[in-house]
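> One structure follows; several queries about it will come next.
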Amino acid sequence: TITRNWWKTSTVYQIWPASYKDSNGDGIGDIKGIISTLDYLRDLGVDVIWCSPMYDSPQDDMGYDVRDYEKVYPKYGTNDDMQLLIDECHSRGMKLILDLVINHTSSEHVWFKESRSSKTNPKRDWYIWKPPKYDEEGNRRPPNNWASYFSGSAWEYDERTDEYYLRLFASSQPDLNWENEETRNAIYESAVKFWLDKGVDGFRIDTAGLYSKVQTFPDTPIIFPEEEFQSSKLYSQNGPRIHEFHKEMYSKVTSKYDAMTVGEVGHCSREDALKYVSAKEHEMNMMFLFNKVWVGCDRNDRWKFDGWKLTDFKKAVEIDCDFIAGTDAWSTVFIENHDLPRCVTRFGDKKHRSQAAKLLSILGTTLTGTLFIYQGQEIAMENLPRDWSIDEYKDINTINRYKEFKDKYGNDPDFKEKEEKLMDIINLLARDNSRSPVQWDASPNAGFTTGIPWTRVNENYTTINVESQIRDPNSVLNFYKKSIQIRKSYQDLLIFGDMKILDYENQKTFTYLKLNENALSPKAYIVLNFSNEEVNFEKLINGDFELVLSNVDVINEQKLSPFEARLYIVD
Ligand code: TEU
Ligand code: CA
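For the sequence shown, full-length UniProt numbering assigns the number 2 to the initial residue and increments by one for each residue that follows.
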């Protein structure tokens, strides 16, 4: 039997503050804006809010570059506003978790300023410094061939002391040195305890698999021969001391509070993943499993995409769903976040937007684990329009990729053609797609701000917005609300149950069962038509079928319309 902790049955809603809701007309979302929507979220059925980084930051990576863990980014508000947000969540019976970004800080954090000031500074060893290498011609080279997640080398040369520092992400995101105990204790005090003591209920733990690097810092074997730098995962992810570090953070800090912890570890094998989230390991409660969201993509390079087949998607969903089987671990369900495109664009179809979004709502609310929904997903916001130019893209990940591409191919005669291809991929997969302002109503700028929005609002807000969907009983929003309620009422099957896929080879429909512990009746029977065509429908098991959720008005016993989805309970 699975222990039923509160964080297992919770529905979590992710807020990405800059684009959520602006309260003072400066064009940037803020904490007061969040507070003004809490009743809306409660009404949707949200139990926990996950707020992406709201710490003081130069915003090179939208707050994932923290300048001061103990201070709120002034444009988002004050520490008092944060306290109010915590209290207002609690008074509505909701909880609040924050994003814990402790693999790296901003280069403007005082720790790093001290560290870079001299080789003898007491904080020198709080970050990862290495002397340059020199090639045969005497050119200065980085210490190894590791690539940054944001293009180029993972090492940044710092003239002042003639050494490189490691930064797996942007040049202004130096990696902390977790080998140093003093550093770890400072992280626990400043980043973790500080906010738990103020009443936050836990953390989404950023890049939780990267803290322990192989200390010999070897070159990575070549994965992409055409690239100068190679993914460092082999030596930076799930490193030698990673579990020791997580166990320490758990025993020293998070276990002392009833904190909910969900790790973003990145892709790893089930065996490796279970080491983080088995209850007996005392590390984290759960982690994100990325199999389904990255279907068709290369794990080592987000810009390499090959298309996907429904059978691959089924396999991925099955892997995520079976993750906890026979273990004491727990799992998560999500299909959107601030690093991913909009799910209705990625897995649905523009022509059948609402229908596809409702199908994805049934998918998410019937899978095993804690459910996460990302802002705007509940109204089926779409990717950015394809005809927007690269200038509308603000994410450092996208911009660096584009620059790298331009440096390499800028003078080629077929540059335009190549650029179109890159823009297709960017438009499909860039993180910017989920970062456009939330569409609240049909007033100018989608009701997100009365000022000039910091990033362009998708013009489709006149038809896709919260306000009109609240009024429409058939809206995607009301469908999400209903699905979330049904998920709770059938939680033995939907939240905690095992999964069995019935039509594995079918490339158009996805049919699966959710079973309770003894695999006895009742069962949940889910059928999803992932194609934009009408397909035949037939019940693949015997029993009494009761339809509890469907995204069409009229049920045809023989056919499924494009993107039709049904949830039956079978006795
Ligand atoms: O992301 C970590 C991560 O490895 C990826 O999801 C990454 O964003 C992607 O591969 C880039 O192509 C986390 C945060 O979710 C992300 O927003 C931050 O930028 C990153 O850490 C650095 O803090
Ligand atoms: Ca504002």
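Ideal Cβ positions, reconstructed from N, Cα and C, are used throughout, including at glycine. As the structure is a computational prediction, the values presented were derived from the model and not from experiment.
Using alpha carbons as the reference points, say which of Trp127, Ser270, Ala520, Phe151 lies closest to Phe406.
Minimum Cα distance to Phe406 is reached at Phe151.
> On the premise that Leu45 lies in contact with Cys90, defined as a C-beta separation below 8 angstroms, what is that separation, rounded to the nearest angstrom?
Actually they do not touch by this definition, with Cβ atoms about 14 angstroms apart.
> If you draw a straight line from the alpha carbon of Glu265 to that of Glu558, how long is it in whole angstroms?
Distance between the alpha carbons of Glu265 and Glu558 is about 42 angstroms.
> Is there at least one non-hydrogen atom of ligand 2 closer than 7 angstroms to the beta-carbon of Ser116?
Flag unset: Cβ of Ser116 not near ligand 2.
> Short of 8 angstroms in beta carbon distance, which residues of its chain neighbour Glu183, apart from the five on each side in sequence? Order them along the chain.
Same-chain partners within the cutoff: Trp127.
> In terms of residue numbering, what span does the beta strand (DSSP E) encompassing Arg567 cover?
First-last of the beta strand (DSSP E) with Arg567: 566 to 571.
> By Cβ distance, which residues of its chain are closer than 7 angstroms to Val294, with the 5 residues on each side in sequence left out?
Cβ neighbours of Val294 beyond the five flanking positions: Ile336, Leu341.
> Mind checking who Val263 pairs with in its DSSP beta bridge?
For Val263, which the question treats as bridged, DSSP gives the partners Arg205, Met287.
> With a 10 Å radius around its C-beta and 16 neighbouring C-beta atoms as the bar for buried, classify Thr450 as buried or exposed.
Thr450 should be labelled buried.
> Identify whether Ala358 lies in helix, strand or coil by the three-state DSSP scheme.
In this structure, Ala358 counts as helix in the three-state DSSP scheme.
> In chain order, what residues of the same chain have a beta carbon less than 8 angstroms from the beta carbon of Lys248, not counting five sequence neighbours either side?
Cβ neighbours of Lys248 beyond the five flanking positions: Glu282, His283, Glu284.
> How is the beta strand (DSSP E) around Ile471 delimited, first residue to last?
First-last for Ile471: 467 to 472, but that is the alpha helix (DSSP H), not the beta strand (DSSP E).
> Where does Asn446 land, buried or exposed, given buried means 16+ other C-beta within 10 angstroms?
Its Cβ being crowded by 16 or more others within 10 Å, Asn446 is buried.
> Is Glu558 near ligand 3, going by C-beta to nearest heavy atom under 7 angstroms?
In the structure on display, ligand 3 does not appear, and the ligands it does have are ligand 1 and ligand 2.
> Check Lys120 in the structure and name its three-state DSSP category.
Correct three-state label for Lys120: coil.
> Name the DSSP beta bridge partners of Ile16, please?
Cys52, per the DSSP bridge assignment.
> Any heavy atom of ligand 1 closer than 7 angstroms to the Cβ of Val102?
Correct: Val102 has its Cβ closer than 7 angstroms to ligand 1.
> Going by DSSP in three states, Phe531 sits in which element: helix, strand or coil?
Three-state DSSP puts Phe531 in coil, outside helix and strand.
> So, under 8 angstroms CB-CB, Ser154 and Phe230 are touching, yes? Tell me the CB distance rounded to an integer number of Å.
Confirmed, Cβ separation roughly 5 angstroms.
> If you draw a straight line from the C-alpha of Tyr375 to the C-alpha of Phe291, how long is it?
About 15 angstroms.
> Give me the residue from Asp493, Phe531, Thr512 with the minimum Cα distance to Leu521.
Considering only alpha carbons, the answer is Asp493.
> Less than 8 angstroms between the C-beta atoms of Pro438 and Val467, yes or no?
Cβ distance not < 8 angstroms, so Pro438 and Val467 don't count as in contact.
> Exposed or buried, Arg68, counting other C-beta atoms within 10 Å across all chains shown (16 or more means buried)?
Burial call: buried.
> Compute the Euclidean distance between the alpha carbons of Ala330 and Asn140, then round it to the nearest angstrom.
In a straight line, the C-alpha of Ala330 is about 50 angstroms away from that of Asn140.
> Can we count Phe170 as close to ligand 1, meaning its CB is less than 7 angstroms from some heavy atom?
Correct: Phe170 has its Cβ closer than 7 angstroms to ligand 1.
> Tell me the rounded alpha-carbon separation between Glu120 and Tyr135.
According to the sequence provided, residue 120 is Lys. The question's Glu does not apply to it. Computed Cα separation, rounded: 20 angstroms.
> Do you know offhand how far Phe195's Cα is from Ile98's?
Each residue's Cα considered, the two are about 13 angstroms apart.
> Can you tell me whether DSSP reads Phe348 as helix, strand or coil?
Residue state, collapsed to three classes: helix.
> Going straight from the alpha carbon of Ile391 to that of Gln60, what length do you get?
Taking the straight line from one Cα to the other gives about 19 angstroms.
> Is His339 near ligand 1, in the sense that its beta carbon is under 7 angstroms from a heavy atom of that ligand?
Correct: His339 has its Cβ closer than 7 angstroms to ligand 1.
> Identify, in the order they occur along the chain, each residue of the same chain with its Cβ nearer than 7 angstroms to the Cβ of Trp17, setting aside the five sequence neighbours on each side.
Same-chain partners within the cutoff: Ser53, His339, Gln376, Arg436.
> Quick check on DSSP: helix, strand or coil for Asp329?
Of the three classes helix, strand and coil, the one that applies to Asp329 here is coil, per DSSP.
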